[in-house]
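Novice: Input: one structure, supplied below.
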Amino acid sequence: MKRILVPVDFSEHSSYALEVAAQLAKQHGAELLVLHMLGLSESGYDMDETSGMAEARYYMKMAKKRFNEFLDKEYLKGLSVDQMVQNYKIFSELNHVAEEQEIDLIVMGSHGTNVMGGFFVGSNTEKVIRSAEVPVLVIKKQTPNFGIKQVVFACDFNLENEGAYLKAMKLFHRLGVKVHLLYVNLPNTQFKSTMEIEEKMANFLFMVHDGKPVLDETPVCVCDHTIEMGIYRYCKKVNADLLAIPTHGRQGISHFFRQSLAEDIANHIDLPVMTFRI
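Read left to right, the sequence shown gives residues 18 to 295 (my numbering).
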């Protein structure tokens, strides 16, 4: 892990993300790239030189001033911190920035709701997750002593998750953390027998590891009424420090970051969440 991208809107939640990113940078000797998406109106660029460009210069100056104030943090001292300002709030552009800047990880905050203002509302976080090719770490509360010892990687063990799974395992093995592979068995039409689940999980691990034995990855199945509730309860049971999940670029994982689905569970899953693109 050499370069970490931290999108910020100068809010409290983006400061939570910055603090965690700083801790990761210190732990792994990484550089930080802190990005602010300015969101200048298109009309500003359609105006004449004296009005449109003057407005752009004014907001750019204000952004740089707020940047300097926002980055005046004790925990950033001694770190390599670069600044960048984007003119538009086009969330897919974060992936372009990540590619151009050779970013290994995106760390961002989230309010976990779609009714609050600012950049880091749940729906906008989801847009970043959908477009990002690199892992995205979402922070929902202040974590002054961020450390990862226990990780829950939850998925349905379909083979389409292979890429996300391998990227996650490579990262977590390098960090030396304990990984719990979790499958949530649901009632009614989605219910599977113990034998069916064991075969599904065993086949997945056999295929992704090319038939080689896996000694340190034992999958676990829990039964619950919803996937969210099953994940939440298991994370509590093992005292997980991080929830890791694969995500589709098209479908996203909105139920973890917005209140529109399983509102009460989404509000309880306040531990850090890391997503890996399928």
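We put the beta carbon where it would ideally sit given N, CA and C, even for glycine. These numbers come from a predicted model, not from an experiment.
From THR211, VAL124, GLU91 and LEU22, pick the residue whose C-alpha is nearest to that of THR292; which is it?
Specialist: Nearest C-alpha to THR292: VAL124.
Novice: Could you give the first and the last residue of the continuous beta strand (DSSP E) run that contains ILE156?
Specialist: ILE156 -> beta strand (DSSP E) spans 153-156.
Novice: With DSSP run on the structure shown, which of helix, strand or coil describes HIS197?
Specialist: Three-state DSSP puts HIS197 in a strand.
Novice: Over the uninterrupted alpha helix (DSSP H) stretch that includes GLY126, give me the two end residues.
Specialist: Per DSSP, GLY126 belongs to no alpha helix (DSSP H); it is in the beta strand (DSSP E), 122-126.
Novice: Hey, quick one: how far does the alpha helix (DSSP H) through THR211 stretch, first residue to last?
Specialist: Run containing THR211: 211-225, per the alpha helix (DSSP H) assignment.
Novice: What number of angstroms, rounded off, separates the C-alpha of LYS19 from the C-alpha of ALA261?
Specialist: Roughly 20 Å between the two C-alpha positions.
Novice: Should THR211 go down as buried or exposed, given a rule of 16 or more other Cβ atoms within 10 Å for buried?
Specialist: Counting Cβ neighbours within 10 Å, THR211 comes out exposed, since fewer than 16 surround it.
Novice: Identify the residues that DSSP records as bridge partners of ASP99: which are they?
Specialist: DSSP output for ASP99 lists LEU50 as bridge partner(s).
Novice: If you reduce the DSSP assignment to three classes, tell me which class VAL18 lands in.
Specialist: Correcting the residue type first, residue 18 is Met in the shown sequence and not Val. DSSP places MET18 in coil when its eight states are reduced to three.
Novice: Going along the chain, which residues of its own chain have a beta-carbon closer than 7 Å to the beta-carbon of GLN100, five neighbours each way excluded?
Specialist: The answer, listed in chain order, is VAL51 and PHE84.
Novice: Using only the alpha-carbon positions, how far apart do GLY228 and MET54 sit?
Specialist: So the alpha carbons of these two residues sit roughly 46 Å apart.
Novice: Cutting at 8 Å between CB atoms, please list the residues of its own chain near LEU192, excluding the five before and the five after it.
Specialist: The answer, listed in chain order, is ILE165.
Novice: So, are the CB atoms of ARG294 and ALA115 less than 8 Å apart?
Specialist: The answer is no: Cβ separation not under 8 Å.
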